[in-house]
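*Asks:*
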Amino acid sequence: MTKQIPSEIALHEAAHVLAAIRNGIGVLHVSLDVGEVILEPPGDSLEQGHHYSAVAASYAIIALAGRAAAPETGVSEADQVLLRNALFLASLADPPDEMCRAFSALAEHFVAKYRDEIEHLAGILDRRRAMTGTEIAEIFRRCGRHD
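Just so we're aligned, residue 16 is where the sequence shown starts under my numbering, counting upward by one.
Right under this line is the structure:
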């Protein structure tokens, strides 16, 4: 049986989802039809003692991971808003242009490291079209892909 190649939009959204999960940010919902990932509010991360720069880096990686996984899809308006907010938080420490370059490199590294998991989730997303955070967590639990 030949392995099915996931669609570009599924790769894009799966990269956002996995970047959120791997950076400790919860996912509430993902939809290919709407082309969006709904994240849990950042309050939990900040309340757990994460430094603003760590939260900024996490959100920037989430924003840029979609384009890194599927370059043809570009950066959506929602991704740009998330990136601008991340750059604002990060700009308290470093110039935004430098941070944007660093965040892009981090997103590309993230996608390279987790490419198999992104493709696995993208294949499932292509079939289901939409999933809740609970369904995503269950998939990774069953596959032994949690941490």
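Glycine included, C-beta positions come from ideal geometry on N, C-alpha and C.
List, from N- to C-terminal side, the beta strand (DSSP E) runs of 3 residues or more that fit wholly inside the segment 30-86.
*Replies:* 42-46, 51-54
*Asks:* Can you say whether G81 is buried or exposed, counting buried as having 16 or more other CB atoms within 10 angstroms of its CB?
*Replies:* It counts as buried.
*Asks:* Per DSSP, which one or two residues make a beta bridge with M146?
*Replies:* According to DSSP, residue pairing for M146 in a beta bridge involves V45.
*Asks:* In whole angstroms, what is the alpha-carbon distance linking E55 and Q19?
*Replies:* 31 Å
*Asks:* Exposed or buried, what is V96 when buried is set at 16 or more other beta-carbons lying within 10 Å of its beta-carbon?
*Replies:* exposed
*Asks:* Does DSSP put G89 in a helix, a strand or coil?
*Replies:* coil
*Asks:* Among M114, R143, S119, F125, which one has its Cα closest to the Cα of G89?
*Replies:* Nearest C-alpha to G89: S119.
*Asks:* Terminal residues of the continuous alpha helix (DSSP H) containing P110?
*Replies:* Looking at the DSSP string, P110 is not in any alpha helix (DSSP H), and its letter there is neither H nor E.
*Asks:* With DSSP as the reference, label Q95 as helix, strand or coil.
*Replies:* helix
*Asks:* What three-state label does DSSP hand I139 in the structure shown?
*Replies:* helix
*Asks:* For H44, which of R156, R157, C158, A152 has the nearest alpha-carbon?
*Replies:* A152
*Asks:* Going by Cα to Cα distance, which pick from A93, Y67, T149, I76 is closest to S106?
*Replies:* Y67
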